[in-house]
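Colleague: Here it is, the structure, as structure tokens.
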Amino acid sequence: MSKIVVRELAYVRLRSPDLDLAEQFLTDFGLSRSARTANALYMRGTDPAHHIHVTEQGEAKVVGFAFEVASEADLERATLMEGASAVHDIDEPGGGRRVILTEPNGYQIELVHGIQRLPSVPVERIVYNTGEEPRRRAGVLQRLPASPTRIKRIGHCVLASTKWTETTRWFHENLGLVMTDSIYAAEPSDVIATFSRLDQGAEYVDHHVFMCFKGDESGLNHVSFEMNDIDAVFADHHWLMGTGKYEHMWGPGRHYLGSQVFDYWADPWGRIHEHWADSDRVNAAYESRQCSAEEGFVSQWGEHPPEKFLTRVSK
């Protein structure tokens with residue numbers, strides 16, 4: 001069987017007991033409703049994807065993630081993987097076809113193709129003056145859009161796992177992800193976390209689309225979403241703080257690995273959602289690196305990650 005290489009992370013699928021409360025959080029967070037049925041909520045960003053976040057009605061749970069493949073032929077090849085479903089229609093808003101797999105921690109991985117695309121939502125690009133170019137917006141006053149700022153797209157997912165080496169291997173062998181960087185504990189041989197990216201050859205892609213780290217239990221640490229710019233990350237930090245309704249987890253700051261400017265919030269059931277902007281982009285020419293936990297898990301600026309962030313695992 002020729003190797004399947006996924007093209008992008010399509011959406012996260014969660015389960016929540018209250019769809020109204022879920023929609024309120026996700027709207028405050030910067031997503032907008034694409035569709036809603038009697039038992040599920042579909043939220044989108046400003047990019048053309050029909051939805052990037054699915055919430056099913058039910059007891060709070062992390063169901064899994066979906067990745068887009070290039071063709072129907074990829075779906076047919078995926079049916080040859082261990083435990084794969086048959087190719088079938090997606091009976092949900094947006095349609096499309098999929099194959100369902102199960103990764104080592106028991107989460108559902110959907111490989112999808114042909115989901116409806118929607119018109120992009122126009123977003124005004126902010127122009128910044130810099131020390132070297134102090135007149136880039138000469139004569140133009142800087143006025144930001146009202147919060148919550150619209151999210152652009154889904155970026156990556158992060159799992160803690162008691163089977164983290166097996167999990168990383170599964171995502172590499174079955175989805176075609178490749179290693180970007182890794183983190184070690186006391187010695188370089190004691191690797192405890194891996195950052196993996198899409199394999200698009202010479203095309204530049206996000207530093208990582210999936211991260212897995214060694215945990216005492218398995219579950220979701222966070223799912224991330226790209227904002228249009230750094231101002232949006234900061235403005236929405238203050239907007240969400242002002243609501244007084246949600247648990248702030250960490251940020252703002254700028255990561256070392258990936259370099260994103262970040263801010264983390266928990267939904268009403270404790271699942272962490274990240275805002276970020278300005279990620280590193282790398283391609284096949286990039287040489288994987290190792291760094292220590294002291295270096296890799298902290299920020300270039302901003303506070304050190306709090307214990308509640310590092311240990312948060314949602315089932």
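Its first residue numbered 1, the sequence shown is counted upward by one per residue in UniProt numbering. No residue lacks a Cβ here, since even glycine has one placed at the ideal position from N, Cα and C.
Do you know whose CA, among 29, 179, 93 and 27, lies nearest residue 351's CA?
Modeller: Only positions 1 to 315 of the chain appear in this structure, which leaves residue 351 out of reach.
Colleague: On the criterion of 16 or more Cβ atoms from any shown chain inside 10 Å, does residue 227 qualify as buried, or is it exposed?
Modeller: Burial call: buried.
Colleague: Taking the alpha-carbon positions, what's the residue 293 to residue 282 distance?
Modeller: Spanning the two alpha carbons is a distance of roughly 22 angstroms.
Colleague: In terms of DSSP beta bridges, what is residue 214 paired with?
Modeller: Residue 214 pairs with 161.
Colleague: What separation, rounded to the nearest whole angstrom, lies between the Cα atoms of residue 263 and residue 251?
Modeller: Distance between the alpha carbons of residue 263 and residue 251 is about 4 angstroms.
Colleague: Short check: CB of residue 211 to CB of residue 156, under 8 angstroms?
Modeller: Yes. Within cutoff.
Colleague: Within a Cβ cutoff of 8 angstroms, which residues of the same chain sit near residue 158, ignoring the five residues on either side of it in sequence?
Modeller: Around residue 158: 210, 211, 212, 213, 220, 221, 222, 223 and 224.
Colleague: How many Å lie between residue 112 and residue 208 at the Cα?
Modeller: Taking the straight line from one Cα to the other gives about 20 angstroms.
Colleague: From residue 67 to residue 97, what does the alpha carbon distance come to, in whole angstroms?
Modeller: Each residue's Cα considered, the two are about 12 angstroms apart.
Colleague: Have a look at residue 101 and residue 77 and give me their C-alpha separation to the nearest angstrom.
Modeller: Rounded to whole angstroms, residue 101 to residue 77 spans 12 angstroms at the Cα level.
Colleague: If residue 4 and residue 175 are in contact, beta carbons under 8 angstroms, what's the gap, nearest whole angstrom?
Modeller: With 8 angstroms as the limit, residue 4 and residue 175 qualify as a contact, their Cβ atoms being about 7 angstroms apart.
Colleague: Can you round the beta-carbon distance between residue 118 and residue 231 to whole angstroms, since I take them to be within the 8 angstroms contact cut?
Modeller: The pair is not a contact, with the Cβ atoms about 25 angstroms apart (cut-off 8 angstroms).
Colleague: Go through its chain and collect everything with a Cβ distance to residue 261's Cβ below 7 angstroms, but skip five positions before and after it.
Modeller: Counting only Cβ-Cβ distances below 7 angstroms, and skipping sequence neighbours, we find 230, 233, 252, 254, 276, 277 and 278.
Colleague: May I ask which residues mark the beginning and end of the beta strand (DSSP E) holding residue 63?
Modeller: Residue 63 -> beta strand (DSSP E) spans 61-68.
Colleague: For residue 316, which residues from the same chain have a beta carbon less than 6 angstroms from its beta carbon, with the 5 sequence-adjacent residues on both sides left out?
Modeller: Outside the shown range of the chain (1 to 315) lies residue 316, about which nothing can therefore be said.
Colleague: In three-state terms, what does DSSP make of residue 183?
Modeller: Strand at residue 183.
Colleague: For residue 177, which of helix, strand or coil comes out of DSSP?
Modeller: Residue 177: coil per DSSP, three-state reduction.
Colleague: Beta strand (DSSP E) containing residue 289: first to last residue?
Modeller: Unbroken beta strand (DSSP E) run through residue 289: 289-292.
Colleague: State yes or no: is the C-beta of residue 249 within less than 8 angstroms of the C-beta of residue 235?
Modeller: No.
Colleague: Take the Cβ of residue 88 as the centre, count every other Cβ of all protein chains shown within 10 Å, and call the residue buried at 16 or more, exposed below.
Modeller: With fewer than 16 other Cβ atoms within 10 Å, it is exposed.
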